[in-house]
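**Q** Going by full-length UniProt numbering, the first residue of the sequence shown is number 1, and it counts up by one from there.
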Amino acid sequence: MQAGLSRAKQGSNGDASVTGETGKRSYVVGQTEIAARPLEPALYLVATPIGNLADITLRALETLAAADIVACEDTRVSRVLLDRYGIRRRTTAYHEHNAGEAGPKLIAALQAGQSVALISDAGTPLVSDPGYRLVGEALDHGIRVVPIPGPSAPLAALTASGLPSDAFLFAGFLPVKSGQRLTRLEALKAVPATLIFFESPRRLAESLGAMVEALGGERKAAIGRELTKTFEEMRTGTLQVLADHYAAADTPKGEIVVCVGPAEAKADEPADIDRLLLSLAAEMPASKAAAEAAKMTGGQKQALYRRLLELRDAAGESGG
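#1: Just to confirm, is the Cβ distance from residue 121 to residue 48 under 9 Å?
#2: With 16 as the cutoff for other CB atoms within 10 Å, does residue 62 come out buried or exposed?
#3: Once DSSP output is grouped into helix, strand and coil, what is the label at residue 1?
#4: What does DSSP give as the partner residue(s) for residue 297 in the beta ladder?
#5: Compute the distance between the beta-carbons of residue 254 and residue 245, then report whether it is under 9 Å.
#6: Cα separation between residue 67 and residue 219?
#7: In whole angstroms, what is the alpha-carbon distance linking residue 42 and residue 137?
#8: With a threshold of 16 other CB atoms inside 10 Å of the CB of residue 170, please say whether the residue is buried or exposed.
#9: Over what stretch of residues does the beta strand (DSSP E) that includes residue 190 continue unbroken?
#10: Whose CA, out of 193, 150, 288, 177, lies closest to the CA of residue 52?
#11: Only counting runs of 3 or more residues, tell me where the beta strand (DSSP E) segments fall wholly within the segment 60-125, in order along the chain.
#12: Please confirm whether residue 174 and residue 210 have their CB atoms less than 9 Å apart.
#13: Taking only the alpha-carbon atoms, compute the straight-line gap between residue 60 and residue 125 and give it to the nearest angstrom.
#14: Take the Cβ of residue 225 as the centre, count every other Cβ of all protein chains shown within 10 Å, and call the residue buried at 16 or more, exposed below.
#15: Considering only the beta carbon of each residue, do residue 188 and residue 259 sit closer than 9 Å?
#16: Taking the runs of the beta strand (DSSP E) that are 3 residues or longer, which of them lie wholly in the segment 186-251?
#17: May I have the straight-line CA-CA distance separating residue 176 from residue 201, to the nearest angstrom?
#18: Is residue 144 near the ligand GDP, with its Cβ less than 8 Å from a heavy atom?
#19: State the CB to CB distance for the pair residue 71 and residue 92, rounded to an integer number of angstroms; the pair is presumed to be in contact (CB under 8 Å).
#20: Within the same chain, show all residues whose beta-carbon is closer than 7 Å to that of residue 301, passing over the 5 residues directly before and after it, in chain order.
#21: Can you check whether the CB of residue 27 is closer than 9 Å to the CB of residue 64?
#22: DSSP on residue 143, reduced to helix/strand/coil?
#23: Could you tell me the boundaries of the beta strand (DSSP E) in which residue 34 lies?
#24: Based on Cα-Cα distance, which residue from 306, 312, 250, 261 lies nearest to residue 278?
#25: Rounded to the nearest angstrom, what separates residue 216 and residue 251 at their Cα positions?
Printed below as a string of structure tokens:
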């Protein structure tokens, strides 16, 4: 489960026996029915739309149409997508409540030479769902695992957030209990990257308040709600501004992604830079020491070189 953010439902959800089936394997795009090419035996991880069904890729459609088995988080949710594109494949449920029972059956089918397509309710499989267990078991048995990339809620929110994307950390859902939530946020405080969270609408205001407390209200952040859907919304501001907004507003509806920018780097104190320069100069030539200091501090090499010469001159005068 990923962008849909809904937890897997308890129960069978229409489990089908884990067996292959014969018959027509095709998918429909517009008014055109397209025959799916045969798949090699493997576990295929197929990304599905996070809201707008038109975001499915052609490769994903062909994989779902050709697979011997389509394993779903919730077969009822997946049936909406399959029906939209005329894919008439039998589905079987694989989710956190039945993974212990369904997983070995899927592995057995793979070992028997069948192809299995794994999908979540929405987005990329394995992102905040139990699919990683199945992948681990498949790899342990020497079974090929093939990613079929596509929609991803964390990446969709990150790209629209305006926050740094050169480094980011997907942190999933925060703990429900306040103490554990603060502990988790404190552990993430120093991470030099944009943080991405999933959150329940009913806990959003409380979690934003905890973020202000643990990370600081001045950090830039963005809230993605109902991404790719009709009422899609991206709200940006500092954590404090966003926390104040959702504390006063009605509980939002839909699925939520929270992006929090990294803490702004603090400028090094002059005394710290002087100590760094002298330490480096004790191990290498002055020019190289200045270059290394520039890399470490973001300063200009020429200015640091001049400062190092001044420090050496001052040391010489005091020693003379």
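Heads up, the beta-carbon is just placed ideally off N, CA and C, and yes, glycines get one too.
**A** Taking the structure as given:
#1: yes
#2: buried
#3: Note that residue 1 scores a pLDDT of 44, beneath 50, so its modelled location is shaky and nothing firm can be said.
#4: Per DSSP, none; premise fails for residue 297.
#5: no
#6: 46 Å
#7: 13 Å
#8: buried
#9: Careful: residue 190 lies outside any beta strand (DSSP E) and carries neither H nor E.
#10: 150
#11: 69-72, 91-93, 116-119
#12: yes
#13: 12 Å
#14: buried
#15: no
#16: 194-199, 220-225, 233-238
#17: 13 Å
#18: No copy of the ligand GDP occurs in the structure displayed, which carries no ligand at all.
#19: 5 Å
#20: 290, 291, 294
#21: yes
#22: coil
#23: 32-35
#24: 312
#25: 23 Å
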